[in-house]
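Novice:
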Amino acid sequence: MRAVQITEFGGPEVLKISEVEEPTPGAGQVLITVDRAGINYADTHQVENSYLSKATLPLIPGGEVVGRTADGRRVVALVGSGGYAEKAVAHAPYAFDVPEGVSDGDALALVLQGTTAWHLLKTSSHLQQGESVLVHAGAGGVGSLAVQLAKLWGAGRVIATASSEEKRKQVLELGADAAIDGDPEGLKDRIIEANEGRPVDIVLEMVGGRTFDESFDALDRFGRLVTFGAASREAAQPVDPRRLMKGSKTIAGFWLADCFKNPALLGGPLTELFDLTVAGKLRPIVGGEYGLSEVATAHEDMRARRTVGKLLLDPAR
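When the sequence shown is numbered by full-length UniProt numbering, its final residue is 317 and no position is left out of the sequence of numbers.
#1: Is DSSP giving arginine 303 helix, strand or coil here?
#2: For the stretch 9-55, which segments carrying the alpha helix (DSSP H) assignment without a break, of at least 4 residues, lie completely within its bounds, in sequence order?
#3: Note down, one range per segment and in chain order, each beta strand (DSSP E) of at least 3 residues found wholly within the stretch 81-111.
#4: Should glycine 186 go down as buried or exposed, given a rule of 16 or more other Cβ atoms within 10 Å for buried?
#5: Does the structure place the stretch 51-63 close enough to the stretch 79-92 that three or more beta carbon pairs sit under 8 Å?
#6: Within its chain, find whatever has a CB closer than 6 Å to the CB of phenylalanine 222; leave out the 5 residues flanking it on each side and keep chain order.
#7: Would DSSP call leucine 204 helix, strand or coil?
#8: Whose C-alpha, out of Arg36, Leu59, Leu108, is nearest the C-alpha of valine 47?
#9: Of the residues Gly291, Asp217, Asp275, which one's Cα is nearest the Cα of aspartate 240?
#10: Give the secondary structure of alanine 77 by DSSP, where H, G and I count as helix, E and B as strand, and everything else as coil.
#11: Cα separation between glycine 197 and alanine 178?
#12: Compare the Cα-Cα distances from residue 348 to each of Leu265, Leu57, Ser163, Arg243 and report the closest residue.
#13: Roughly how far, in whole angstroms, is the beta-carbon of isoleucine 32 from the beta-carbon of threonine 69, given that I think they are within contact range, below 8 Å?
#14: Straight-line CA distance for glycine 208 to valine 142?
#15: Could you name the residues of the same chain whose beta carbon sits closer than 8 Å to that of histidine 126, not counting the 5 residues immediately before and after it, in chain order?
#16: Is it buried or exposed for arginine 157, if we count other Cβ within 10 angstroms and need 16 for buried?
#17: Give the single residue among Gln5, Lys151, Val147 whose Cα lies nearest to the Cα of alanine 55.
#18: Can the beta-carbon of threonine 44 be found closer than 8 Å to that of methionine 302?
#19: Can you tell me which of the three DSSP states leucine 174 falls into?
As structure tokens, then:
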């Protein structure tokens, strides 16, 4: 079968199409004929081996797929790796039936990025009615869903960062109350100004480096910052515990992989997200579709912040 397989770590240039053996499902696994695979920013880290979990070669990237099982079920599945291919194997508890009214793109946007947004707001930051929320990369896969969910769940004011005027317009259309430039220079002041002169209660942060530092400094008393990525590939300054005490602030980390040992931590939120989508209350954003031969371009576009929403990979072309 055709797949994108890497034999060395590096940037987008190492992504090559190969003919590989079709995967064989083991006990408790299902074989899925892939209609579309999801492309995530984490994949760019996996390809260069800078992710939280270290990869081994050779490697077929891709953490989630949507397609059909041998018995005809239409499922979206988390596969860990192996998604950039015509067929993939998933453990049965992580292959979720896709309801009518949910497109392939919707399902891929929700299974990983949607459940991440759900846990960021409910599990890690404990969003309360009326609280202000800052969402970094509000036009991205997680961000575009987090903006909508925060509004649905009663946030008082939602602020999103985005890297261009066009993206800032998009996040306002999704329901954000304010959209600002995410450049770290002067970011703290822009955050507070966008929140009508007040520090914010919650920050969902996935850039790292100076963006993390400026966002932390914009937290109100009892504020919570949840870090779930490091897109800048830069380290933030160490946080002196005394800075947490003054203002009673919290820094939390979130990685969806920590939910994988308990499928209910994924299936429950995903069912809720599917229901909201079918009801028209949540709008997953599909930002582009690429063929297998265009996968390097997809990674280049994502790293250059030229994309919005969820990116899809079509293994048939």
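The beta carbon of each residue, even a glycine, is placed where N, CA and C say it ideally should be.
Specialist: Taking the structure as given:
#1: Helix, per DSSP.
#2: List check, alpha helix (DSSP H) in window: 41-48.
#3: Qualifying beta strand (DSSP E) stretches, in chain order: 87-91, 95-97.
#4: Per the 10 Å Cβ criterion, exposed.
#5: A contact exists between the stretch 79-92 and the stretch 51-63.
#6: Ser248.
#7: Reduced to three states, the DSSP call for leucine 204 is strand.
#8: Distances from the CA of valine 47 to each of Arg36, Leu59, Leu108 were compared; the closest alpha carbon is that of Leu59.
#9: For aspartate 240, the closest C-alpha among the options Gly291, Asp217, Asp275 is that of Asp217.
#10: Strand, per DSSP.
#11: Whole-angstrom Cα-Cα distance: 13 Å.
#12: The requested residue 348 does not occur in the structure, where the chain is confined to residues 1 to 317.
#13: By a beta-carbon distance limit of 8 Å, isoleucine 32 contacts threonine 69. Their separation comes to about 6 Å.
#14: Rounded to the nearest angstrom, the two C-alpha atoms are 16 Å apart.
#15: Closer than 8 Å at Cβ, skipping near neighbours: Arg224.
#16: Taking every protein chain shown into account, the CB of arginine 157 has 16 or more other CB atoms within 10 angstroms, so this residue is buried.
#17: For alanine 55, the nearest C-alpha among the options comes from Gln5.
#18: Judged by their CB atoms, threonine 44 and methionine 302 are nearer to each other than the 8 Å cut-off.
#19: Judged by DSSP in its simplified three-state form, leucine 174 adopts coil rather than helix or strand.
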